[in-house]
Amino acid sequence: MEFSVGDVHVVFSADRLGGLDDAALVEEVVDPEADATVFLLAGRADAWPSLGLRVAYAPSVGGFPFAVHVVPETGVLFVGAGRGVHAYQLDPPRPLWHDETDCGFWSWSQHGGVVLMSAELELAAWTAEGDKLWSTFVEPPWSFTVTDGVVSLEVMGELSAFPVLGGPSVTGVS
Numbered sequence: 001m002e003f004s005v006g007d008v009h010v011v012f013s014a015d016r017l018g019g020l021d022d023a024a025l026v027e028e029v030v031d032p033e034a035d036a037t038v039f040l041l042a043g044r045a046d047a048w049p050s051l052g053l054r055v056a057y058a059p060s061v062g063g064f065p066f067a068v069h070v071v072p073e074t075g076v077l078f079v080g081a082g083r084g085v086h087a088y089q090l091d092p093p094r095p096l097w098h099d100e101t102d103c104g105f106w107s108w109s110q111h112g113g114v115v116l117m118s119a120e121l122e123l124a125a126w127t128a129e130g131d132k133l134w135s136t137f138v139e140p141p142w143s144f145t146v147t148d149g150v151v152s153l154e155v156m157g158e159l160s161a162f163p164v165l166g167g168p169s170v171t172g173v174s
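In the UniProt record's numbering, the protein residues as written are 1 to 174.
Written out as structure tokens, the structure is:
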């Protein structure tokens with residue numbers, strides 16, 4: 001699969017990609033319990049490829065996908081796979097952080113300058129530059145929406161609302 005967002009191009013495959021070793025930064029992220037592997041190349045059009053990844057992850061079943069989110073304005077690439085979540089700067093290429101979520105990762109979404117990560121037991125937020133803002137425990141069934149900078153979170157029938165920038169510890173949402 002391949003896609004572009006702005007001038008950032010991303011290619012990933014279950015098969016080893018030609019050109020992987022040509023990337024300015026090549027990194028392997030391996031979960032010892034891995035049951036799936038994805039290879040990824042990413043970079044801006046004028047610096048292709050700047051990042052090459054081999055991500056071996058678990059679990060790959062039960063709705064826990066491999067997913068990538070690109071913020072072209074900042075050159076940050078967010079990667080989620082199994083229990084692992086990662087962020088990389090594309091120019092110059094370097095890892096920003098590696099983290100793990102309990103059970104498994106679900107998806108990325110962006111709301112203004114905030115990138116949200118949904119996981120089985122966690123909702124977390126980072127800036128578009130990759131700096132962590134907050135994280136909160138959730139328990140299925142749960143869901144959220146973001147409207148006008150406010151997160152409406154429902155966890156097991158309980159509703160809460162908080163600013164997407166401030167997180168659940170900030171009160172006084174109007």
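The C-beta atom is built at its ideal place from N, Cα and C for all residues, glycine as well.
Neighbour-count burial assignment, residue i, 16 or more Cβ in a 10 Å radius
i      : result
Phe3   : exposed
Ala14  : exposed
Pro163 : buried
Val30  : exposed
Gly157 : exposed
Trp97  : exposed
Ala125 : buried
Leu90  : buried
Ala45  : exposed
Gly63  : exposed
Gly19  : exposed
Own chain, CB closer than 7 angstroms to residue i, minus 5 neighbours either side, in chain order
i      : result
Asp35  : Ala58, Pro59 and Ser60
Ala24  : Ser50 and Pro93
Leu17  : Val11, Phe39 and Leu41
Gly6   : Pro72
Glu129 : Thr74 and Val76
Thr127 : Gly113, Val114 and Leu133
Three-state secondary structure (DSSP) of residue i
i           : result
Ala45       : helix
Asp21       : helix
Glu28       : strand
Leu121      : coil
Ser169      : coil
Ala14       : coil
Gly6        : coil
residue 182 : Any answer about residue 182 is impossible in this case: the structure gives the chain only from 1 up to 174.
Met152      : It is Ser, not Met, that sits at residue 152 in the sequence shown. Three-state result, Ser152: strand.
Ser50       : coil
Ser174      : Confidence at Ser174 is low in this model, with a pLDDT of 45, below 50, so the placement of that residue is unreliable and no value is reported for it.
Glu158      : strand
Val38       : strand
Pro140      : coil
Val164      : coil
Same chain, Cβ closer than 6 angstroms to residue i, five either side skipped, listed in chain order
i      : result
Trp106 : Ser118 and Ala119
Leu53  : Glu27 and Leu40
Ser109 : Leu116
Neighbourhood of residue i by C-beta, 8 angstroms cutoff - its chain only, sequence neighbours within 5 removed
i      : result
Phe137 : Leu121 and Glu122
TODO: Just list the alpha helix (DSSP H) runs in the segment 57-118, keeping only unbroken ones of 4 residues or longer that don't cross its boundaries, in chain order.
DONE: none
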